[in-house]
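Asker:
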Amino acid sequence: MQAVAIMVSTCDTLILSDLHLGSDVSRAEDAMELLEKVDFRQLILLGDIFSDLDFRRLKREHWDFLSCIRRLSNPKQRRRIVWVEGNHDHGLSNVMSHLVGVPVYQRYVWEYGGKRHLAVHGHQFDRFINENILLSRFFEKFYEASQRLDGEQQRLSRWFDRFSTRWLRLSDKVAEGALSYAAAGEADRVFCGHTHEALARTRGSIEYFNSGAWTDQRATFLTIDLKGVKIHEYPSRVMRSDSRKERVEAPAVAVELPRTTGLRTSRAFESIRC
Numbered sequence: 001m002q003a004v005a006i007m008v009s010t011c012d013t014l015i016l017s018d019l020h021l022g023s024d025v026s027r028a029e030d031a032m033e034l035l036e037k038v039d040f041r042q043l044i045l046l047g048d049i050f051s052d053l054d055f056r057r058l059k060r061e062h063w064d065f066l067s068c069i070r071r072l073s074n075p076k077q078r079r080r081i082v083w084v085e086g087n088h089d090h091g092l093s094n095v096m097s098h099l100v101g102v103p104v105y106q107r108y109v110w111e112y113g114g115k116r117h118l119a120v121h122g123h124q125f126d127r128f129i130n131e132n133i134l135l136s137r138f139f140e141k142f143y144e145a146s147q148r149l150d151g152e153q154q155r156l157s158r159w160f161d162r163f164s165t166r167w168l169r170l171s172d173k174v175a176e177g178a179l180s181y182a183a184a185g186e187a188d189r190v191f192c193g194h195t196h197e198a199l200a201r202t203r204g205s206i207e208y209f210n211s212g213a214w215t216d217q218r219a220t221f222l223t224i225d226l227k228g229v230k231i232h233e234y235p236s237r238v239m240r241s242d243s244r245k246e247r248v249e250a251p252a253v254a255v256e257l258p259r260t261t262g263l264r265t266s267r268a269f270e271s272i273r274c
């Protein structure tokens, strides 16, 4: 699927993930600009909105983004704002629910356009971090250190982020796990983040979409309306005219539902609050 230009003015549901507020590569200012440009009924923050639990690392633009979410969650706005917990958000759910006034879910399910939609962050399908906790934390600390030592454009740390995704085949594994999980829950569409790589796949009648991230020069997000789901690209401030085609991959093969999801399974999944 090709990532389309950012010239979208309205949609039913807007999905973005992986802002990693508190990190030096977070593009919170651009994300806030997007929220001010698009008219939507529902906003889904699909996990890893924070980088870690250390609020001292939050910059002014990160606090401004949270203030924007707080304003949007005002009942007078008549918009639904949903936060789906990511692995980096874990431990912040109760704080965030009160701080920005939005409900936080482990799994969020909704109906739209005659289809059943399912949103989970995606780390539940990442066996590497689930089975190698200490090593995963080491890589996270290395990634954070590279940001502090890197230049203004954060080229090294962003390269490391992309390299680790490809080296672990993370996009493939999360997509395959999510598609199997959606089939078990009788969902028509499933949405994830976590991999930092926007992606669209189909297995049978089930559609999978990854919202990408806001930590690279090319940030991506998803919109849903009655015409379907689109991947959009929001270029950096120094690359406003740049665009690229989304990588088209072969359909995922069927895999066994991962045992490490940490999510309850039953027919016709419902939302799970944190």
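In UniProt numbering, the protein residues as written are 1 to 274. Think of the CB as a built atom: it goes at the ideal place given N, C-alpha and C, for glycine as much as any other residue.
Spatial neighbours of S9 within its chain, please: CB distance less than 7 Å, with the 5 preceding and 5 following residues excluded, ordered by chain position.
Answerer: The residue given as residue 9 occupies position 9 in the sequence shown. These residues qualify, in order along the chain: V38 and D39.
Asker: List the residues that DSSP assigns as beta-bridge partners of P75.
Answerer: For the purposes of this step, residue 75 is taken as residue 75 along the sequence shown, with counting starting at 1. Looking at the DSSP assignment, P75 forms no beta bridge with any residue, so it has no partner.
Asker: Should the segment 60-70 be called in touch with the segment 98-105, which here means at least 3 C-beta pairs below 8 Å?
Answerer: Short answer: they touch.
Asker: Indicate the three-state DSSP secondary structure (helix, strand or coil) for L19 in the structure shown.
Answerer: Walking along the sequence shown from the start, residue 19 turns up at place 19. L19 falls in the coil class under three-state DSSP.
Asker: Alpha carbons only, please: which of D172, A184, Q217 and Y234 is nearest the one belonging to D126?
Answerer: As a first step, residue 126 must be located in the sequence shown, where it is residue number 126. Of D172, A184, Q217 and Y234, the residue nearest in Cα terms is D172.
Asker: Assuming F50 contacts G22 (C-beta within less than 8 Å), just tell me the rounded distance between them.
Answerer: Residue numbering aside, residue 50 sits at position 50 when the sequence shown is read from its first letter. Residue numbering aside, residue 22 sits at position 22 when the sequence shown is read from its first letter. Right, their Cβ atoms sit about 6 Å apart.
Asker: What is the residue span of the beta strand (DSSP E) that S230 lies within?
Answerer: Translated into the one-based positions of the sequence shown, residue 230 becomes position 230. The identity of residue 230 in the sequence shown is Lys, whereas the question assumes Ser. Looking at the DSSP string, the run of the beta strand (DSSP E) that includes K230 is G228 to P235.
Asker: Hey, would you say V95 sits closer than 8 Å to I44, going by beta carbons?
Answerer: Position 95 of the sequence shown, counted from the start, is the residue given in the question as residue 95. Position 44 of the sequence shown, counted from the start, is the residue given in the question as residue 44. Against a cut-off of 8 Å, the Cβ pair of I44 and V95 comes out as no contact.
Asker: Does the structure place the segment 206-216 close enough to the segment 17-32 that three or more beta carbon pairs sit under 8 Å?
Answerer: Result yes; three or more Cβ-Cβ pairs closer than 8 Å.
Asker: Determine the DSSP secondary structure at C192, reduced to helix, strand or coil.
Answerer: Translated into positions along the sequence shown, residue 192 becomes position 192. The answer is strand: DSSP assigns C192 an E or B state.
Asker: Flag this pair as yes or no: are the beta carbons of G193 and G113 separated by less than 8 Å?
Answerer: Locating residue 193 in the sequence shown gives position 193, counting from the first residue. Locating residue 113 in the sequence shown gives position 113, counting from the first residue. Contact flag unset, no.
Asker: Using a Cβ-Cβ cutoff of less than 6 Å, which residues in the same chain neighbour T13 once the five nearest sequence positions on both sides are dropped?
Answerer: Along the sequence shown, one-based indexing puts residue 13 at 13. The answer, listed in chain order, is Q42 and I224.
Asker: Which same chain residues, not among the five before or five after R273, have their C-beta less than 8 Å away from its C-beta?
Answerer: Counting from 1 along the sequence shown, the entry for residue 273 is found at position 273. These residues qualify, in order along the chain: P103, V104, Y105 and Q106.
Asker: Reducing DSSP to helix, strand and coil, say where I49 ends up.
Answerer: Translated into positions along the sequence shown, residue 49 becomes position 49. Three-state result, I49: coil.
Asker: Rounded to the nearest angstrom, what separates V109 and F269 at their Cα positions?
Answerer: Start at 1 with the first residue of the sequence shown, and residue 109 comes out as number 109. Start at 1 with the first residue of the sequence shown, and residue 269 comes out as number 269. Their Cα atoms are separated by approximately 7 Å.
Asker: Compare the Cα-Cα distances from H20 to each of R203, F191 and E85 and report the closest residue.
Answerer: Numbered from 1 along the sequence shown, position 20 holds the residue referred to as residue 20. Checking every option, the nearest Cα to that of H20 belongs to E85.
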